[in-house]
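**Q** Chains as they are written, first to last, in numbering that gives the first Met the number 0: chain A, 0 to 316; chain B, 0 to 268; chain C, 0 to 266.
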Amino acid sequence: MSDLSVNEAVVMRNVCKDFKVLNRHEGLKGSIRDLFSRDYNTVSAVKDVTLTVHKGEIIGYLGPNGAGKSTTIKMMTGVLEPTSGEILVNGKVPYKNRTENCENIGVVFGQRSQLWWSLPLIESFKLLRDLYMVPQKDYEAMIELYRSLVDIDPILHKPVRQMSLGQRTLSDILAAFLHNPPIVFLDEPTIGLDVSMKAKIRELILGLNKEKNTTVILTTHDMGDVDALCKRIVIIDKGTKIYDNDIEHLKNYFGSYRTLKLKLADDTWEEYLIDEKTTDVMDVIMEKQKEKKIKDVKILEISTEEVIKKIYEGSAK
Amino acid sequence: MNPKRLLSITRAGIMESLHFRLGIFVTLFANLIYLVLVYYLWKAIYDSSGTDVVNGMTFSDTMIYLILATALFNFLEMFVVWDMSRSIQSGKIVLDLLKPMRFRKYTFWSYTGNHVVQFVLTFIPTFIVVMIVTRGAIPLGLNLVWFLIATVLALIINYNIEMMVAPICLFTESTWGINIVKETIVLLLSGASIPLAFFPEKARMIVQYLPFRAVYDIPLSILLGKSGSDTWQGLVSLFGLQLIWLVVLTVCGNLFWNCAVKKVTVNGG
Amino acid sequence: MRKRGLKFYAGMYRKILVQDLKSKMSYRADFIISTFGMIMTNLSGFVTFMILFHNFPEINGWDYHHMLFLYGFSLVALTPVQCFFDNNWNLRFMVQSGDFIKYCFRPVNVFFYFISEVFDVKGLGQLAFGIGTIVYAWIKIGIPVTPLVILKLLVFLLTASLFMIALMNFAAATCFWIKGSGYVMVIMFRFKDFAKYPSSIFEGIFKIIFTFIIPIAFIAYYPSLVILTPDNVPLLSWISPLYGLVFVYLSYKFWMLGVRKYDFTGS
Chain A
0 MSDLSVNEAV
10 VMRNVCKDFK
20 VLNRHEGLKG
30 SIRDLFSRDY
40 NTVSAVKDVT
50 LTVHKGEIIG
60 YLGPNGAGKS
70 TTIKMMTGVL
80 EPTSGEILVN
90 GKVPYKNRTE
100 NCENIGVVFG
110 QRSQLWWSLP
120 LIESFKLLRD
130 LYMVPQKDYE
140 AMIELYRSLV
150 DIDPILHKPV
160 RQMSLGQRTL
170 SDILAAFLHN
180 PPIVFLDEPT
190 IGLDVSMKAK
200 IRELILGLNK
210 EKNTTVILTT
220 HDMGDVDALC
230 KRIVIIDKGT
240 KIYDNDIEHL
250 KNYFGSYRTL
260 KLKLADDTWE
270 EYLIDEKTTD
280 VMDVIMEKQK
290 EKKIKDVKIL
300 EISTEEVIKK
310 IYEGSAK
Chain B
0 MNPKRLLSIT
10 RAGIMESLHF
20 RLGIFVTLFA
30 NLIYLVLVYY
40 LWKAIYDSSG
50 TDVVNGMTFS
60 DTMIYLILAT
70 ALFNFLEMFV
80 VWDMSRSIQS
90 GKIVLDLLKP
100 MRFRKYTFWS
110 YTGNHVVQFV
120 LTFIPTFIVV
130 MIVTRGAIPL
140 GLNLVWFLIA
150 TVLALIINYN
160 IEMMVAPICL
170 FTESTWGINI
180 VKETIVLLLS
190 GASIPLAFFP
200 EKARMIVQYL
210 PFRAVYDIPL
220 SILLGKSGSD
230 TWQGLVSLFG
240 LQLIWLVVLT
250 VCGNLFWNCA
260 VKKVTVNGG
Chain C
0 MRKRGLKFYA
10 GMYRKILVQD
20 LKSKMSYRAD
30 FIISTFGMIM
40 TNLSGFVTFM
50 ILFHNFPEIN
60 GWDYHHMLFL
70 YGFSLVALTP
80 VQCFFDNNWN
90 LRFMVQSGDF
100 IKYCFRPVNV
110 FFYFISEVFD
120 VKGLGQLAFG
130 IGTIVYAWIK
140 IGIPVTPLVI
150 LKLLVFLLTA
160 SLFMIALMNF
170 AAATCFWIKG
180 SGYVMVIMFR
190 FKDFAKYPSS
200 IFEGIFKIIF
210 TFIIPIAFIA
220 YYPSLVILTP
230 DNVPLLSWIS
240 PLYGLVFVYL
250 SYKFWMLGVR
260 KYDFTGS
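(1) Taking only the alpha-carbon atoms, compute the straight-line gap between proline 116 (chain B) and serine 173 (chain B) and give it to the nearest angstrom.
(2) Going by alpha carbons, who is nearest to lysine 276 (chain A) out of A:Asn251, A:Val296 and A:Thr219?
(3) Using DSSP with H/G/I as helix, E/B as strand and the rest coil, what is glycine 59 (chain A)?
(4) Check whether the segment 195 to 205 of chain A and the segment 124 to 143 of chain A touch, using three or more Cβ-Cβ pairs below 8 angstroms as the test.
(5) What separation, rounded to the nearest whole angstrom, lies between the Cα atoms of phenylalanine 30 (chain C) and lysine 23 (chain C)?
(6) List, in chain order, every chain C residue whose beta-carbon is nearer than 9 angstroms to that of threonine 213 (chain A).
(7) Excluding the 5 residues flanking phenylalanine 84 (chain C) on each side, which residues of the same chain have their C-beta closer than 8 angstroms to its C-beta?
(8) With respect to the beta strand (DSSP E) encompassing alanine 219 (chain C), which residues constitute its N-terminal and C-terminal limits?
(9) Taking valine 25 (chain B) as the query, report the chain C residues whose CB atoms sit under 8 angstroms from its CB, ordered along the chain.
(10) If the cut is a Cβ gap below 7 angstroms, which residues of chain A does valine 72 (chain C) touch?
(11) With a 10 Å radius around its C-beta and 16 neighbouring C-beta atoms as the bar for buried, classify asparagine 89 (chain A) as buried or exposed.
(12) Between alanine 159 (chain C) and alanine 219 (chain C), how many whole angstroms is the CB-CB distance? I'm expecting something under 8 angstroms.
(13) Counting pairs of beta carbons, one from the segment 187 to 201 of chain C and one from the segment 215 to 229 of chain C, are three or more of them closer than 8 angstroms?
(14) Can you find a C-beta in chain B that's less than 7 angstroms from the C-beta of glutamate 57 (chain C)?
(15) Using the beta-carbon of each residue, which ones in chain A are nearer than 8 angstroms to aspartate 98 (chain C)?
(16) Examine the Cβ distances between the segment 190 to 198 of chain A and the segment 149 to 156 of chain A and report whether three or more of them are shorter than 8 angstroms.
(17) Which residues mark the beginning and the end of the alpha helix (DSSP H) in which phenylalanine 184 (chain A) is found?
(18) Alpha carbons only, please: which of C:Ile15, C:Lys14, C:Ser33 and C:Leu16 is nearest the one belonging to threonine 171 (chain B)?
(19) If we require 3 or more residues per run, which beta strand (DSSP E) segments fall completely within the segment 99 to 158 of chain C?
(20) Using a Cβ-Cβ cut-off of 7 angstroms, state whether phenylalanine 18 (chain A) counts as contacting chain C.
(21) Can you tell me whether DSSP reads tryptophan 175 (chain B) as helix, strand or coil?
(22) Sort C:Val185, C:Val148, C:Gly257 and C:Val183 by Cα distance to leucine 224 (chain C) and report the nearest one.
(23) Quick check: what's the CA-CA separation for glycine 233 (chain B) versus isoleucine 217 (chain B)?
(24) What does serine 83 (chain A) pair with, by DSSP beta-bridge criteria?
(25) How would you label alanine 264 (chain A), buried or exposed, when you count the other beta carbons within 10 angstroms and need 16 or more for buried?
(26) What would DSSP say about valine 133 (chain A), mapped onto helix, strand or coil?
(27) Does the structure place the segment 64 to 77 of chain C close enough to the segment 206 to 214 of chain B that three or more beta carbon pairs sit under 8 angstroms?
(28) Given this structure, state the Cα-to-Cα distance separating glutamine 241 (chain B) from valine 164 (chain B), to the nearest angstrom.
(29) Between glycine 265 (chain C) and glutamine 95 (chain C), what straight-line distance do the alpha-carbon atoms span, to the nearest angstrom?
(30) Per DSSP, what kind of secondary structure is lysine 6 (chain C) in: helix, strand or coil?
(31) I'd like to check one pair, threonine 213 (chain A) with leucine 207 (chain A): are the Cβ atoms closer than 7 angstroms?
(32) Along chain C, which residues have their Cβ under 7 angstroms away from the Cβ of glutamate 102 (chain A)?
(33) Taking asparagine 6 (chain A) as the reference, which of A:Leu87, A:Ala44 and A:Gly65 has the closest Cα?
(34) Would you check if the distance between the CB atom of serine 48 (chain B) and the CB atom of phenylalanine 55 (chain C) is smaller than 7 angstroms?
(35) Give me the Cα-Cα distance between proline 180 (chain A) and alanine 8 (chain A), rounded to the nearest whole angstrom.
(36) Just verifying my parser: in three-state terms, what is the DSSP assignment at threonine 98 (chain A)?
Now the structure itself:
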């Protein structure tokens with residue numbers, strides 16, 4: 000590997016991951032047959048993914064369910080070994096130095112809390128401080144930073160099991176940043192939360208990223224998260240990377256689409272999806288005006304959600 | 000209740016158990032090792048006692064009794080309590096209670112699938128091995144039929160005991176504690192850890208009328224032709240005891256469960 | 000890179016243990032019932048033992064008091080596995096539900112982190128029960144009390160405890176490969192009930208199996224002979240500490256191999 004890659008947060012080169020899965024048969028007879036069957040299938044969860052994440056970036060790692068997102072994250076965190084290819088996280092091979100790698104990453108995984116269930120949050124923090132050997136001074140500074148970003152005092156002395164989902168997620172995110180890791184992995188951090196909590200959590204992530212220059216790798220199905228946090232997104236589907244660029248480019252992925260909405264005489268709206276590269280919006284309006292009377296015109300940017308949906312659908316074909 | 004519906008639940012239960020294929024082989028293997036342990040222990044005990052028959056039990060009687068009790072134990076073992084406490088923690092209990100069938104019934108029939116698998120894959124092989132080791136010490140005749148009937152009755156009694164214990168776990172938040180108390184009592188008083196025939200006279204008199212005996216001791220005694228089950232009168236009285244407990248426990252279990260459900264819905268939401 | 004040595008792990012264990020005890024206190028009813036359950040299992044084991052001796056005065060040349068000593072010895076030797084390694088019982092549920100992955104995100108040894116999470120106080124009841132039995136049998140047999148004998152007793156009790164720890168590690172770790180392997184643990188745990196009998200009852204190939212492969216004979220029998228028959232201690236008793244350490248090490252390696260091989264699907 001070149002020397003440059005050591006300075007990147009994450010470098011993946013031609014990474015593949017295969018799983019062996021038993022071929023299950025249908026029905027009662029099939030179940031009995033499976034008892035003795037040696038019929039395995041190899042499933043490639045990740046196929047030849049090459050990816051570089053720069054320091055201090057927040058990248059959105061997207062893909063439909065079962066695309067291989069979790070598997071990639073598990074490889075980056077050193078839990079899984081890639082079948083082939085190279086991965087460097089903070090310049091080290093995560094799988095070979097799992098403990099060392101864990102010092103330098105923070106993880107919030109799905110809705111699974113990694114905190115001590117029946118302990119007050121502050122006790123969990125203290126245990127984490129000791130586990131990661133964070134100097135007391137840094138620990139206190141971090142708590143102060145948290146205090147300036149969110150209102151942590153009401154939850155600090157509450158046992159995790161008594162918290163609401165939002166408070167729990169918030170706690171988990173704070174716990175992941177506590178040892179000031181260069182990289183934090185967030186897997187669906189806002190799933191199941193209400194609108195205001197979502198906003199709070201996005202603000203917190205942005206704040207921490209800005210203060211500590213932490214690299215954040217975010218997987219989510221919520222395009223609100225992506226719009227609020229990510230400058231760059233990577234999309235993976237069926238184990239293959241299908242998009243890797245700035246979020247602005249995304250909207251031009253299928254050409255530059257815009258939605259044209261026309262209000263007609265009977266107060267109904269008509270919608271047209273227009274590719275500006277091939278058609279001019281004004282032309283369409285002129286053309287339509289010849290047919291019917293138009294009371295109002297709106298031109299809308301295509302939303303991230305719609306583009307992503309089109310990309311997922313496009314790759315499914 | 001539509002029998003076809005019950006059958007399909009049982010079928011799903013069978014398929015689910017079969018999915019743990021390696022687990023099944025390992026269980027079978029572990030059972031065989033356990034069998035060897037029991038064999039050597041009791042062989043040594045009988046060898047040092049100097050007599051062939053102790054309290055009406057010969058060496059092969061004792062061995063068959065204990066090994067089949069263990070096999071029965073595995074076959075009857077249910078994790079109702081554990082499953083339930085987990086499903087309460089995750090809130091899944093609400094879904095279970097919403098299924099278009101009474102919860103107790105649903106659980107029972109889905110466990111039946113597991114029982115069928117366990118019976119075929121662990122009990123029957125163990126039975127065959129025991130037959131070979133003891134050179135056919137188990138009488139083969141009508142007693143096999145009676146044994147099967149007694150086992151089915153034992154299964155229902157056992158299920159009712161489980162269903163009485165499960166709500167207590169929920170109230171006390173002590174799944175392990177309650178379960179271990181139950182298991183200890185059932186194993187000791189049902190004769191699964193040491194045959195009831197070896198109990199001192201007075202203790203035996205009491206234990207004889209408790210429901211736990213109906214789970215292991217009665218089916219096994221019937222299989223071995225002990226406890227007077229070789230006569231019609233004896234057989235009738237053993238089945239009578241099982242039936243009485245079955246009715247009593249089912250009624251109590253029902254009442255208890257209905258109270259518990261109310262409590263759960265209040266707490267769990 | 001900061002080193003995490005023995006001192007770090009010892010300190011960490013103490014801190015996690017204290018927190019675990021604190022949180023246990025918040026489930027008082029559970030604590031009381033579980034302790035009661037533990038006493039019940041011990042009583043039931045004792046009753047079974049008494050019933051057995053009620054019918055048979057001796058087993059393989061071992062009389063009542065010697066058997067009682069062996070029984071107490073096995074109870075004490077089984078305490079560490081009960082107290083310190085109880086979380087092994089939760090392993091398969093954690094692995095099945097996918098929650099196990101959280102143990103892999105910390106910069107400490109996974110086995111340590113997982114095992115340290117639970118300290119089982121109930122095991123202490125068993126310890127008391129076992130010590131009582133040993134003392135009673137000790138007096139009845141009339142073994143002399145010298146510092147050397149006490150030291151030997153402690154060393155060989157510790158030795159004996161290693162074997163059950165190793166067995167339970169092996170049994171628990173099977174869940175990384177085998178779905179529905181819960182029964183392996185249950186039966187392994189039941190094997191311990193045979194530790195309280197003299198292993199001279201086994202013959203032929205099974206003697207080898209139960210001595211070296213599934214070392215039931217080492218859980219109490221061989222280590223206890225150092226105290227019971229001081230004039231005639233078999234070689235196996237003397238090498239048992241070494242063998243115990245090797246066995247625990249192997250079980251640890253097996254456990255860790257399971258973590259590495261497991262594919263963490265399902266999340």
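For each residue, glycine too, the CB sits at the ideal point set by N, CA and C.
**A** Quick answer:
(1) Taking the first residue of the second sequence as 1, we reach residue 116 (chain B) at position 117. Taking the first residue of the second sequence as 1, we reach residue 173 (chain B) at position 174. The residue asked about is misnamed: residue 116 (chain B) is valine in this sequence, not proline. When the Cα atoms are used, valine 116 (chain B) and serine 173 (chain B) turn out to be separated by approximately 30 angstroms.
(2) Along the first sequence, one-based indexing puts residue 276 (chain A) at 277. For lysine 276 (chain A), the nearest C-alpha among the options comes from A:Asn251.
(3) Looking up residue 59 (chain A) in the first sequence gives position 60. If DSSP states are grouped into helix, strand and coil, glycine 59 (chain A) belongs with the strands.
(4) no
(5) Position 31 of the third sequence holds residue 30 (chain C). Position 24 of the third sequence holds residue 23 (chain C). Whole-angstrom Cα-Cα distance: 7 angstroms.
(6) Taking the first residue of the first sequence as 1, we reach residue 213 (chain A) at position 214. Listed along the chain, the chain C residues whose CB falls inside 9 angstroms of the CB of threonine 213 (chain A) amount to none; the nearest CB is some 16 angstroms away.
(7) On the third sequence, position 85 is the one that residue 84 (chain C) refers to. Answer for phenylalanine 84 (chain C): Ile114, Ile164, Met167 and Asn168, listed in chain order.
(8) Indexing the third sequence from 1 puts residue 219 (chain C) at position 220. For alanine 219 (chain C), there is no enclosing beta strand (DSSP E), as DSSP marks it with neither H nor E.
(9) Numbered from its first residue, the second sequence carries residue 25 (chain B) at position 26. Here the neighbours are Thr173, Ile177, Ser180, Tyr182 and Val183.
(10) Within the third sequence, numbered from 1, the residue matching residue 72 (chain C) stands at position 73. A small correction: the amino acid at residue 72 (chain C) is phenylalanine; valine does not occupy that position in the sequence shown. Going along chain A, no residue has its Cβ under 7 angstroms from phenylalanine 72 (chain C), so there is no contact; the nearest lies around 36 angstroms.
(11) As a first step, residue 89 (chain A) is located in the first sequence; it is residue number 90 there, counting from the start. So asparagine 89 (chain A) counts as buried.
(12) Taking the first residue of the third sequence as position 1, residue 159 (chain C) is located at position 160. Taking the first residue of the third sequence as position 1, residue 219 (chain C) is located at position 220. Confirmed, about 6 angstroms.
(13) yes
(14) As a first step, residue 57 (chain C) is located in the third sequence; it is residue number 58 there, counting from the start. At a cut-off of 7 angstroms between beta carbons, glutamate 57 (chain C) contacts chain B.
(15) As a working mapping, residue 98 (chain C) is identified with position 99 in the third sequence. Correct list: Arg111.
(16) no
(17) Mapped onto the first sequence, residue 184 (chain A) falls at position 185. Here phenylalanine 184 (chain A) belongs to no alpha helix (DSSP H); instead the beta strand (DSSP E) covers 182 to 186.
(18) Here the question's residue 171 (chain B) lines up with position 172 in the second sequence. Closest option to threonine 171 (chain B), Cα to Cα, is C:Ser33.
(19) Entirely contained in the segment 99 to 158 of chain C, not one beta strand (DSSP E) run reaches 3 residues.
(20) Working through the first sequence from its first residue, we reach residue 18 (chain A) at position 19. Answer yes: the Cβ-Cβ gap between phenylalanine 18 (chain A) and chain C drops below 7 angstroms somewhere.
(21) Mapped onto the second sequence, residue 175 (chain B) falls at position 176. Residue state, collapsed to three classes: helix.
(22) As a first step, residue 224 (chain C) must be located in the third sequence, where it is residue number 225. Leucine 224 (chain C) has its Cα closest to that of C:Val148, out of C:Val185, C:Val148, C:Gly257 and C:Val183.
(23) Mapped onto the second sequence, residue 233 (chain B) falls at position 234. Mapped onto the second sequence, residue 217 (chain B) falls at position 218. Rounded to whole angstroms, glycine 233 (chain B) to isoleucine 217 (chain B) spans 11 angstroms at the Cα level.
(24) Here residue 83 (chain A) corresponds to residue number 84 of the first sequence, with the count starting at 1. In DSSP, serine 83 (chain A) forms a bridge with A:Cys15.
(25) The sequence position of residue 264 (chain A) within the first sequence is 265, counting from 1. It counts as exposed.
(26) To locate residue 133 (chain A), count along the first sequence from 1; it is residue 134. If DSSP states are grouped into helix, strand and coil, valine 133 (chain A) belongs with coil.
(27) no
(28) Along the second sequence, one-based indexing puts residue 241 (chain B) at 242. Along the second sequence, one-based indexing puts residue 164 (chain B) at 165. Their backbone Cα atoms lie some 19 angstroms apart in a straight line.
(29) Residue numbering aside, residue 265 (chain C) sits at position 266 when the third sequence is read from its first letter. Residue numbering aside, residue 95 (chain C) sits at position 96 when the third sequence is read from its first letter. In this prediction, glycine 265 (chain C) has a pLDDT of 48, which is less than 50 and means its spatial position is unreliable; what the coordinates show is noted afterwards. Between glycine 265 (chain C) and glutamine 95 (chain C), the C-alpha separation is close to 8 angstroms.
(30) By one-based count along the third sequence, residue 6 (chain C) stands at place 7. Looking at lysine 6 (chain C) - three-state DSSP - the assignment turns out to be helix.
(31) Here residue 207 (chain A) is taken as the residue at index 208 of the first sequence, counted from 1. Here residue 213 (chain A) is taken as the residue at index 214 of the first sequence, counted from 1. In this structure, threonine 213 (chain A) lies closer than 7 angstroms to leucine 207 (chain A) by Cβ.
(32) Translated into the one-based positions of the first sequence, residue 102 (chain A) becomes position 103. Near glutamate 102 (chain A) (Cβ distances below 7 angstroms), the residues of chain C are Pro106.
(33) On the first sequence, residue 6 (chain A) is found 7 positions in, with the first residue counted as 1. It is A:Leu87 whose Cα lies nearest to the Cα of asparagine 6 (chain A).
(34) Reading the second sequence from its first residue, position 49 is the one you call residue 48 (chain B). Reading the third sequence from its first residue, position 56 is the one you call residue 55 (chain C). It is a contact, given that the beta carbons lie within the stated cut-off.
(35) For the purposes of this step, residue 180 (chain A) is identified with residue 181 of the first sequence, where counting begins at 1. For the purposes of this step, residue 8 (chain A) is identified with residue 9 of the first sequence, where counting begins at 1. Near 11 angstroms, if we compare the C-alpha coordinates of alanine 8 (chain A) and proline 180 (chain A).
(36) As a position in the first sequence, residue 98 (chain A) is number 99, starting the count at 1. It is helical.
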